[in-house]
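What follows is a set of notes on a single structure, which appears directly below.
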Amino acid sequence: MKEITFHKMQGAGNDFVVIDNRKYGFALDQIIKITPKLCDRKFGIGGDGILVLQPAQKAEVDFTMIYRNADGSDAGMCGNGARCLVMFAFKNGFNATQTFNVHDNVYEAEVHADNSVSIHFPVHVQPERRTLNGYDLIKADAATEHLVTFIPQEKLEDEKELVSIGSELRYHPEVNPPGSNVNFVCAEDGESIHLQTYERGVEGLTLACGTGALASAIATHFHKQQQEKHATYTVKVKGGTLKASFDFNPDTTTYHQLILTGPAHFVFEGIYTL
4 MKEITFHKMQ GAGNDFVVID NRKYGFALDQ IIKITPKLCD RKFGIGGDGI LVLQPAQKAE
64 VDFTMIYRNA DGSDAGMCGN GARCLVMFAF KNGFNATQTF NVHDNVYEAE VHADNSVSIH
124 FPVHVQPERR TLNGYDLIKA DAATEHLVTF IPQEKLEDEK ELVSIGSELR YHPEVNPPGS
184 NVNFVCAEDG ESIHLQTYER GVEGLTLACG TGALASAIAT HFHKQQQEKH ATYTVKVKGG
244 TLKASFDFNP DTTTYHQLIL TGPAHFVFEG IYTL
């Protein structure tokens, strides 16, 4: 049996188990194996996923981030998780300005004086319209796979229906593998949206999804056929408020310079026996 120190963190209600793997040297297959146990809300610590701070695997970064969904699957990038891991790194001796990689992508981040964190995404997004099972959707992959659909505010509160639709689309043959997260958006006037996200790997609605916030802001700008070359959206989720900003190239209908800003909080720390 082995004891590990962990931290529980949350970003806009998206909650995570955080491990500093510089201390333990877990291999990836070991991380995948223990993730469902650690994230179990009845028999474990509980979380939407696990965040692992790894020694830098690229010369140009401060550290490497591993993120796994609660079921152990690879989520690609997790925006809320990235903010939490950057805050964790900052509190453990790293600078307020950091670089880290997730797989091959290198991200930049800043911890602000108000304890919010900004993550700069090195990706370009070119949205496309899709129709699946009669639902009009916009596919906007912001470092991980996302589908976005627009619904009235009253339907945004019908969580049972959102879970039903989300699970139906998440497993649709045209998006498998690896499947997609599904975002339900109510767009207000101006640059403000309400969002609920059905997350793959969690297989349910979460209080927030960072990459979903970026994807949904981009999809809203695209859906409204707006032409502003820079925009910042306020994204209201169950767990709080996020800011999603981007630049837009109207000639190529491509979005770039993506920045996600939001909170990152410590909840508690403890020792877990594997």
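Mapping of the sequence shown onto this note's numbering: residues 4 to 277, in sequence order.
Ideal Cβ positions, reconstructed from N, Cα and C, are used throughout, including at glycine.
Note that this is a predicted model, so its numbers are computed, not measured.
Between the region 127 to 135 and the region 96 to 115 there are fewer than three C-beta pairs closer than 8 Å, too few to call the two in contact. Inter-residue distance for GLY215 and VAL120 is about 17 Å (C-alpha atoms, whole angstroms).
Contact between HIS197 and GLN13 is ruled out by a C-beta separation of about 20 Å, above the 8 Å threshold.
Taking a 10 Å sphere around the C-beta of PHE46, we find fewer than 16 other C-beta atoms and assign the residue as exposed. In this structure, PHE187 and HIS224 do not form a Cβ contact; the two beta carbons are roughly 17 Å apart against a cut-off of 8 Å. PHE124 is not a Cβ neighbour of LEU208, given a cutoff of 8 Å.
For ASP23, the pairing in a beta bridge is given by DSSP as LEU56.
Remark: C-beta atoms of SER195 and THR237 approach each other more closely than 8 Å. The region 55 to 62 and the region 158 to 167 do not touch, with fewer than three beta-carbon pairs separated by less than 8 Å. Taking 8 Å as the cut-off, the beta carbon of ALA85 is found no closer than this to the beta carbon of ASP51. Counting only the Cα atoms, ALA30 lies some 23 Å from GLY82. The Cβ neighbour count for ARG71, taken over all protein chains shown within 10 Å, is at least 16; the residue is labelled buried.
Per DSSP, reduced to three states, the secondary structure at ALA234 is strand. Shown here for SER76: same chain residues with a beta carbon closer than 6 Å to its own, the five before and five after excluded, namely GLY204 in chain order.
Bridge partners of LEU41 according to DSSP: none are assigned. Less than 8 Å divides the Cβ of SER183 from the Cβ of HIS149.
Per DSSP, the continuous alpha helix (DSSP H) segment holding ILE221 begins and ends at 213 to 226. Annotation: the continuous beta strand (DSSP E) that includes ARG133 extends over 131 to 135. For ARG203, there is no enclosing alpha helix (DSSP H), as DSSP marks it with neither H nor E.
ALA220 and GLN229 have their alpha carbons spaced roughly 12 Å apart.
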